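Asks:
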Amino acid sequence: MVKNARGTTRLLERTHRFAGFRVLKAPDVPSVLIELGFLTNRSDEKQLLSAGWRRKIAKSLVKSVNGFFSSSQQARMTQ
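Sequential numbering from 32 applies to the sequence shown in our numbering.
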């Protein structure tokens, strides 16, 4: 996801954090939590309100998810 988002949005590197979010604790479901910005940050707010930026970031996320499932399916087929 980071590779596909690079160039589309400003990224913070190495921001791994730990939290008790249910979506991130389900052992049988691949999951990711994506934070696209903060409304308290004027620059982030401007991007979040831009339909063009939202389209670009959505395409980047779709590409990442499709890539994950494509590689997962290929891995299952070779086992």
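We put the beta carbon where it would ideally sit given N, CA and C, even for glycine. Since the structure is predicted, the reported quantities are computational estimates derived from the model, not experimental observations.
In three-state terms, what does DSSP make of Asn97?
Replies: Stepping through the sequence shown from its first residue, residue 97 is reached at position 66. Here Asn97 sits in helix by DSSP.
Asks: Does the distance from the C-beta atom of Leu67 to that of Glu76 stay below 8 Å?
Replies: Taking the first residue of the sequence shown as 1, we reach residue 67 at position 36. Taking the first residue of the sequence shown as 1, we reach residue 76 at position 45. No, the Cβ-Cβ distance between Leu67 and Glu76 is not below 8 Å.
Asks: Run through DSSP, which three-state label would Leu79 get?
Replies: Here residue 79 refers to the residue found at position 48 of the sequence shown. If DSSP states are grouped into helix, strand and coil, Leu79 belongs with the helices.
Asks: For Ile65, does the count of other Cβ atoms within 10 angstroms reach 16, so buried, or fall short, so exposed?
Replies: The sequence position of residue 65 within the sequence shown is 34, counting from 1. It counts as exposed.
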